[in-house]
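In what follows, a single structure is set out as structure tokens and then discussed.
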Amino acid sequence: MIWLKYMIPKPLRSILRRQRQAAERRMLALDRVTDWSVLRRLRPYRSEFGGRRGKYIDRFYIEAFLETCQASIRGHVAEIQSDEYTRLFGKGRVTHSDIIDLNEGNEKRTITVDLAQSRSVPENAFDCILCTQTLFLIRDYASALRSLYTMLKPAGVLLVTVPGISPVVRGGLIAGEGADWWRFTARSAQHVFSQVFGDANVYVQTYGNVLTATAFLHGLVQEELTRQEVEFYDPDYEVVIGVKATKYVAL
Ligand SMILES: C[S@@+](CC[C@H](N)C(=O)[O-])C[C@H]1O[C@@H](n2cnc3c(N)ncnc32)[C@H](O)[C@@H]1O
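Numbers in our numbering are just positions in the sequence shown, counted from 1, shifted up by 39.
Below is the structure:
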């Protein structure tokens with residue numbers, strides 16, 4: 040029956056997809072977790088990170104990190120997979136925008152490269168690269184980091200987020216190539232980025248607390264927590280790790 044789907048024109052398919060998502064999210068009213076004793080179970084309360092019911096918890100942190108760093112999202116900006124965050128946080132500062140992807144099925148991409156193959160990437164091209172939730176999918180993440188460094192102009196800024204405490208991401212959720220390879224901590228992120236960018240040029244910020252970590256593992260969504268609960272910061276519970284790395288080139 041999958042062929043039937045492709046007989047529907049693409050714009051109509053996206054409208055139908057959005058309508059279905061909105062309808063599924065309205066079901067949260069019937070499914071909202073208020074009594075956390077329901078979480079005493081061996082399988083998660085919801086699968087697929089709860090995306091059918093509301094906004095992913097990790098997105099709150101990814102967006103908080105990008106908002107903190109938004110002054111660096113300027114000039115020629117590249118983003119992996121889409122330009123969603125370039126548009127959201129780059130505002131009037133972006134002069135040119137590119138979308139990078141290895142996945143040839145991504146029709147929005149303007150540059151096709153495999154970040155793990157550092158010899159094939161454009162050099163000194165970007166003032167800023169947004170690489171959210173991608174590095175953990177690349178087996179040779181060290182090569183990918185070198186590629187990202189090469190692609191930045193001198194003084195260019197790389198903004199990366201990676202999951203810390205998270206369920207394993209299975210194939211269906213990953214567009215194109217990739218599989219869930221890595222989890223980082225603030226410490227390991229500082230270490231691996233410093234090896235490429237230099238210790239002084241790497242800033243690491245973590246996000247999360249025990250409540251949001253538990254909620255995220257069970258597929259609860261932002262709408263089921265208060266803002267104060269989501270924003271509470273406990274450095275021992277790294278749900279999302281944000282890294283800002285600047286390409287410093289000695290004159
Ligand atoms: C899970 S998506 C995350 C990106 C998205 N901007 C976000 O915040 O969710 C990962 C993207 O990285 C791409 N990708 C995976 N491995 C890659 C590689 N080695 N080189 C370039 N892109 C890659 C995938 O095709 C996919 O589009």
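All C-beta atoms, glycine included, are put in the ideal place defined by N, C-alpha and C.
Flag Ser121 as yes when its Cβ comes closer than 8 Å to any non-hydrogen atom of ligand 1, and as no otherwise. Checking every heavy atom of ligand 1 against the Cβ of Ser121, one is found closer than 8 Å.
Tell me the residue span of the alpha helix (DSSP H) that contains Gly129. Residues Glu123 to Gly129.
Quick check on this structure: which residue in Ala110, Pro206, Cys167 and Gln172 has the alpha carbon closest to the alpha carbon of Leu259? For Leu259, the nearest C-alpha among the options comes from Pro206.
Going by beta carbon distance, what residues of the same chain come within less than 6 Å of Val288, once the five residues before and after it are set aside? Within its own chain, the residues whose Cβ lies closer than 6 Å to the Cβ of Val288, once the five positions on either side in sequence are excluded, are Pro193, listed in chain order.
By a C-beta neighbour count over all protein chains shown, 10 Å radius and 16 as the cutoff for buried, is Asp74 buried or exposed? Residue environment for Asp74: exposed (fewer than 16 other C-beta atoms within 10 angstroms of its C-beta).
Along the alpha helix (DSSP H) that carries Asp97, what are the first and last residues, could you check? From DSSP, the alpha helix (DSSP H) with Asp97 extends over Ile96 to Thr107.
Let's test the definition: count the other Cβ atoms within 10 Å of the Cβ of Leu174 and tell me whether it reaches 16, buried, or not, exposed. Buried: at least 16 other Cβ atoms inside 10 Å.
What does DSSP give as the partner residue(s) for Tyr242 in the beta ladder? DSSP output for Tyr242 lists Lys283 as bridge partner(s).
When the Cα atoms are used, what is the spatial distance from Thr253 to Phe271? Approximately 14 Å, taken between the alpha carbons.
Touching by the beta-carbon criterion (3+ pairs, under 8 Å), the segment 89 to 97 and the segment 269 to 284: Under the three-pair Cβ rule at 8 Å, the segment 89 to 97 counts as touching the segment 269 to 284.
How about His257 and Gly89: are their beta carbons less than 9 Å apart? Yes; because the gap between Cβ atoms is below 9 Å, this pair is in contact.
Expressed to the nearest angstrom, what Euclidean distance is found between the alpha-carbon atoms of Ala183 and Ala68? Rounded to whole angstroms, the gap between the alpha carbons of Ala183 and Ala68 is 42 Å.
Using 8 Å as the Cβ pair cut-off and three pairs as the minimum, do the segment 152 to 172 and the segment 223 to 231 touch? As far as the Cβ criterion goes, the segment 152 to 172 does not touch the segment 223 to 231, which means the pair count is below three.
Looking at the secondary structure, which residues open and close the alpha helix (DSSP H) in which Leu187 lies? DSSP places Leu187 in the uninterrupted alpha helix (DSSP H) bounded by Tyr180 to Met190.
DSSP state of Gly215, grouped into three classes? Any reading at Gly215 must be qualified, since the residue scores a pLDDT of 49, below 50, and its modelled position is unreliable; the value itself is stated next. The answer is coil: DSSP assigns Gly215 none of H, G, I, E or B.
What is the rounded straight-line gap between the Cα of Tyr180 and the Cα of Ser233? Their backbone Cα atoms lie some 14 Å apart in a straight line.
With DSSP as the reference, identify every bridge partner of Ala117, one or two as the case may be. Answer is Asp137 and Ile168, bridged to Ala117.
CA-to-CA distance, Arg158 to Glu63, given in whole angstroms: Distance between the alpha carbons of Glu63 and Arg158: 44 Å.
Any beta carbon from chain D within less than 9 Å of Phe236's own beta carbon? Any reference to chain D falls outside this structure, which holds one protein chain only.
Exposed unless 16 or more other CB atoms sit within 10 angstroms - verdict on Thr245: So Thr245 ends up on the buried side.
Which whole-angstrom value is the C-beta distance of Ile32 and Cys167, which I expect to be below 8 Å? Residue 32 falls outside the range modelled here, since the chain spans only 40 to 290, and no answer is possible.
Residues that Leu198 bridges to, as DSSP identifies them: Looking at the DSSP assignment, Leu198 forms a beta bridge with Leu169 and Lys283.
Under the rule that 16 or more other beta-carbon atoms within 10 Å means buried, what is Tyr45, buried or exposed? Around the CB of Tyr45, fewer than 16 other CB atoms lie within 10 Å, so the residue is classed as exposed.
In the DSSP output, what is Thr251 paired with across the bridge? According to DSSP, which records beta bridges pairwise, Thr251 is partnered with nothing at all.
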